[in-house]
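J.: Just dropping this structure here.
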Amino acid sequence: MLDKALRGSNRYWWWILSLLAVMAIGFFCYLYQFKMGLKVTGLSRDVSWGFYIAQFTYLVGVAAGGVMVVMPYYLHDYKAFGRITILGEFLAVAAVTMCLLFIFVDLGNPVRIMNVIMYPTPNSILFWDMIVLNGYLFLNIIIGWNVLSAERKGMKYQSWVKVLIYISIPWAFSIHTVTAFLYAGIPGRHYWLTAIMAARFLASAFASGPAILILLCLVVRRYTRFNPGREQIGTLAGIVTYAFVLNVFFFLLELFTAFYSQIPGHMHTFEYLFVGVHGHNNLVPWMWTAALFSVIALVLLIVPASRRRESTLTAGCIAVFISTWIDKGMALVVGGFIPNPFEKVTEYWPTAPELGITLGVWATGFFVLTVLFKIAVSVKEEVGA
Amino acid sequence: MGMDRRNFLKVAGLSTLLAAGGKAAVDILAPGDLEASMKSVPLSEGKRWAMVIDMRHLNEEIMDACTAACHREHNVPDVGNTKNEIKWIWKEKYEHIFPGQQHEYASEKYKDQFFLITCNHCTNPPCCRVCPTRATWQRSDGVVMMDMHRCIGCRFCMAACPFGARSFNYGDPRKAPEDLNPDFPPNPDYPTRSKGVVEKCTFCAERIAKGMMPACVEAADTIKEDVLIFGDLSNPDSRVRKALRANYSIRRKPELGTEPNVFYIV
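So the sequences go chain by chain: Z and S.
Start counting the first sequence at 1; every next residue gets the next number (the working numbering).
Start counting the second sequence at 1001; every next residue gets the next number (the working numbering).
Here it is in structure tokens:
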């Protein structure tokens, strides 16, 4: 089926070429980082994880979000989603690919990456994250590919695929739970040390993943002959709404515990993020932007009329994307390091090479996504779905 | 003192390990003795190393001497900026080391007093718990070790350490600015590191294996004795135990349950 990705319109090839160009820029930035070391990034002794790990965390959520089309179809027999499960699975493949790349570019010693397998360490959450992420990647590739080839041949997929599908559902929850455990089990980082972290991660994942899927469905409908369907998009919008409301609710729970208890360690990061401390306020405008877009998203999604109208739904999904991306793709990771263990503030801001590498990885993800969606959509067009 | 074959191999094994940093090198030079020598790296089994810092007698001169001695001993370069700096033992103000203890009416003496800090060699170290390659691990004598030749540079241990004890080689330490490190590496007997690995205090594992005091303790002793006391917590007659019996002592962030093994007499 790969040949489907090799035939496309001019527009398709221009898009592919532009992605390749951004990937090349990212690759050269990475060569520079590989030679010089991570000192070319904005990372420091105090803020030792930054943009890379934050993107990784956000994208694990997007990957896990794919299960929101798989689960209703296979567990609840919600037939309408049968048309788009493949899009959810391929979105997950692209997102996990980016996750793995972001981990890789963050390593100080990438040539030793196989040490994680050569010295397996079950007490390390990172070890389990490696297992669940790679497992989820392979599950989605195998499931997506088999279901799609069966559909192309007009047959039902083989029964063993069904077993993998059932495994993939709890597996999706596991990838974001384990990723939350990377943070939630660390003593002395108050912003992360919260039992609701995994739940917050899942709520944000099930909002942002399906929101991106809605946007992708609209793109697919506009540029191809495959229509993912009005009902499908409507149901996804409902899922996004519930998940996003939960996400905001969970965040407010954190605020309550921190500020009603008045325990300094629990309040510090929130203060840094929303008002700044001692003149350090890099993230303040971003946080208020996230808050603003949260409100916009809530209004556009909760009001039935605007959720059902496509233009406002699109705006709502973009708002969900922006607010969850700032929350997880910037604030969560960096905020955990501020203030540092000495209650001092060292701020962080990504450098140009760091942004170049980040864009390169995103472009790689979009490349994978484009190729896989091209294949899926071509098959759908062929069978006249 | 005579040295029998076994002891010789221990030292040979250890120094080869430190110098060449590879199992292969040991296997070639002393086949089969690697496990034996690794096992006897602690001075003896069942010990628990600890440090007691007597703040009543410690001053900034001694602290600076400790830092200088340690960083020379372990080839820790001055990278020339605080963003990416590497430090194993250094001084920090009271209010930053015991953040919860600070109050506005505290005596000026304590408020601005510098304390000497380093890795606490916690009994329950979160850094070892999170390391995905066991590049950092706890020895049976309590020393939290760091294998800079296995570390993949994921920096999970830096996130996990509640004491900020760990540093990462953001750049190549061998290419640190020459004007700041004129004779780098100052100690040819200790390995230099590659870029992209985490490092920290190891309680001078290479020195205690030879029955020597850690470099910081030795440096402090030359200025004033008994300010830094190093010894074995499991031995009731050790100097650390005596000091802890006779004085009130505190540890950093005891509420986190990591059980630090660096104690402060205040």
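Note that beta-carbon positions come from the ideal geometry of N, C-alpha and C, so glycine has one too.
Measure the Cβ-Cβ separation of residue 175(Z) and residue 60(Z) and say whether it is below 7 Å.
T.: In contact: residue 175(Z) and residue 60(Z) (Cβ atoms closer than 7 Å).
J.: With a threshold of 6 Å on Cβ separation, who are the neighbours of residue 85(Z) within its own chain once the five nearest residues in sequence on each side are excluded?
T.: Closer than 6 Å at the Cβ level, and outside the excluded window around residue 85(Z), lie 69, 70, 73.
J.: Return no unless some Cβ of chain Z is closer than 7 Å to the Cβ of residue 1133(S).
T.: Chain Z, which has a Cβ nearer than 7 Å to the Cβ of residue 1133(S), makes this yes.
J.: Taking all protein chains shown into account, decide if residue 332(Z) is buried (16 or more other Cβ within 10 angstroms of its Cβ) or exposed.
T.: Residue 332(Z) should be labelled buried.
J.: Output the boundary residues of the alpha helix (DSSP H) element that contains residue 1063(S).
T.: Run containing residue 1063(S): 1060 to 1073, per the alpha helix (DSSP H) assignment.
J.: Can you find at least 3 beta carbon pairs, one from the region 128 to 135 of chain Z and one from the region 170 to 188 of chain Z, that sit closer than 8 Å?
T.: Touching, yes.
J.: My output table needs one value for residue 1233(S): the three-state DSSP class, helix, strand or coil.
T.: Note: residue 1233(S) maps to coil in three-state DSSP.
J.: If contacts are defined as beta-carbon pairs under 8 Å, then residue 19(Z) and residue 363(Z) qualify, I think. What distance do you get, rounded to the angstrom?
T.: Their Cβ separation, rounded to whole angstroms, is 5 Å, which keeps residue 19(Z) and residue 363(Z) in contact under 8 Å.
J.: Please list the segments of the alpha helix (DSSP H) lying wholly inside the region 242 to 310 of chain Z, counting only runs of 4 or more residues, in order along the chain.
T.: You should have 264 to 274, 284 to 302, 304 to 308.
J.: Spell out whether any CB of chain Z is found under 7 Å from the CB atom of residue 1159(S).
T.: Cβ-Cβ to chain Z under 7 Å: yes for residue 1159(S).
J.: DSSP has residue 1092(S) in a bridge; who is on the other side?
T.: Bridge partners of residue 1092(S): 1115(S).
J.: Taking a contact to mean a Cβ-Cβ separation below 7 Å, would you say residue 377(Z) touches residue 224(Z) in this structure?
T.: Yes, the Cβ-Cβ distance between residue 377(Z) and residue 224(Z) is below 7 Å.
J.: Go through its chain and collect everything with a Cβ distance to residue 257(Z)'s Cβ below 7 Å, but skip five positions before and after it.
T.: These residues qualify, in order along the chain: 266.
J.: Given this structure, state the Cα-to-Cα distance separating residue 1157(S) from residue 336(Z), to the nearest angstrom.
T.: Roughly 14 Å separates the two Cα atoms.
J.: Look up residue 1050(S) in the DSSP assignment and say whether it is helix, strand or coil.
T.: In the structure shown, residue 1050(S) sits in a strand (DSSP, three-state: E or B).
J.: With a threshold of 6 Å on Cβ separation, who are the neighbours of residue 210(Z) within its own chain once the five nearest residues in sequence on each side are excluded?
T.: Around residue 210(Z): 65, 68, 236, 239, 240.
J.: Does any CB atom of chain Z fall closer than 7 Å to the CB of residue 1098(S)?
T.: Output row for residue 1098(S): interface = no.
J.: Which residues in chain S sit within 9 Å of residue 374(Z), going by Cβ to Cβ distance?
T.: Those do not exist, as residue 374(Z) stays about 35 Å from chain S at its closest Cβ, beyond 9 Å.
J.: I'd like to know whether the C-beta of residue 1066(S) is nearer than 7 Å to at least one C-beta of chain Z.
T.: It does not: the Cβ of residue 1066(S) has no partner Cβ on chain Z nearer than 7 Å.
J.: Which same chain residues end up closer than 7 Å to residue 233(Z) when comparing Cβ atoms and leaving out the 5 residues on each side of it in sequence?
T.: If we look at residue 233(Z) and ignore the five residues flanking it on each side, its Cβ neighbours are 214, 217.
J.: Taking the DSSP output, what are the residues bridged to residue 1228(S)?
T.: 1053(S).
J.: Please classify residue 1031(S): is it buried, with 16 or more other beta-carbons within 10 angstroms of its beta-carbon, or exposed?
T.: Only weak support is given to the placement of residue 1031(S): the predicted model assigns it a pLDDT of 45, under 50, and the value that follows is read from those uncertain coordinates. Classification for residue 1031(S): exposed.
J.: Answer with buried or exposed for residue 1222(S), where buried requires no fewer than 16 other C-beta atoms within 10 angstroms of its C-beta.
T.: It is exposed - the Cβ of residue 1222(S) has fewer than 16 other Cβ atoms within 10 Å.
J.: In whole angstroms, what separates the C-alpha of residue 1029(S) from that of residue 88(Z)?
T.: For residue 1029(S), the pLDDT reaches just 46, beneath the cut-off of 50, and the residue's location in the model is therefore unreliable, although a value from the coordinates is still provided. Computed Cα separation, rounded: 57 Å.
J.: How is the beta strand (DSSP E) around residue 1138(S) delimited, first residue to last?
T.: Here the beta strand (DSSP E) through residue 1138(S) covers 1136 to 1138.
J.: I'd like the list of long-range same chain contacts for residue 1044(S), defined as Cβ closer than 6 Å, with 5 residues on each side in sequence excluded.
T.: Low local confidence applies: a pLDDT of 49 at residue 1044(S) is under 50, so the model's placement there is unreliable, with the coordinate-based value given in what follows. Here the set comprises nothing.
J.: Run the CB neighbour count on residue 76(Z), radius 10 Å, all protein chains shown included, and call it buried at 16 or more, exposed below.
T.: The residue is exposed, with fewer than 16 neighbouring Cβ atoms inside 10 Å.
J.: For residue 1077(S), is the classification buried or exposed, using 16 other Cβ atoms within 10 angstroms of its Cβ as the cut-off for buried?
T.: Its Cβ being crowded by 16 or more others within 10 Å, residue 1077(S) is buried.
J.: Let me check one thing: in DSSP terms, what residues is residue 1250(S) bridge-paired to?
T.: Answer by DSSP bridge pairing, in chain order: 1264(S).
J.: Below 8 Å between beta carbons is the criterion; list the residues of the region 1166 to 1188 of chain S that meet it against any residue of chain B, in chain order.
T.: Here the protein chains are Z and S, and chain B is not one of them.
J.: Under 7 Å between C-beta atoms, does residue 309(Z) make it to chain S?
T.: False, the Cβ-Cβ gap to chain S never drops below 7 Å.
J.: Measure how close the beta-carbons of residue 26(Z) and residue 359(Z) come, nearest whole angstrom, since I'm counting them as under 8 Å.
T.: 6 Å between Cβ atoms; contact.
J.: Report the rounded CA-to-CA distance for residue 1172(S) versus residue 110(Z), giving the unit in angstroms.
T.: Looking at the two C-alpha atoms, the distance is approximately 15 Å.
J.: Using alpha carbons as the reference points, say which of 1133(S), 1053(S), 1063(S), 1047(S) lies closest to residue 1247(S).
T.: The shortest C-alpha separation from residue 1247(S) is found at 1053(S).
J.: Listing by chain order, which chain Z residues have their CB less than 9 Å from the CB of residue 1195(S)?
T.: Residues of chain Z passing the Cβ test: 36, 37, 38, 39, 108, 109.
J.: Using a beta-carbon distance cut-off of less than 7 Å, what residues from the region 110 to 124 of chain Z approach chain S?
T.: Flagged, chain order: 112, 113, 115, 116, 119, 121, 123, 124.
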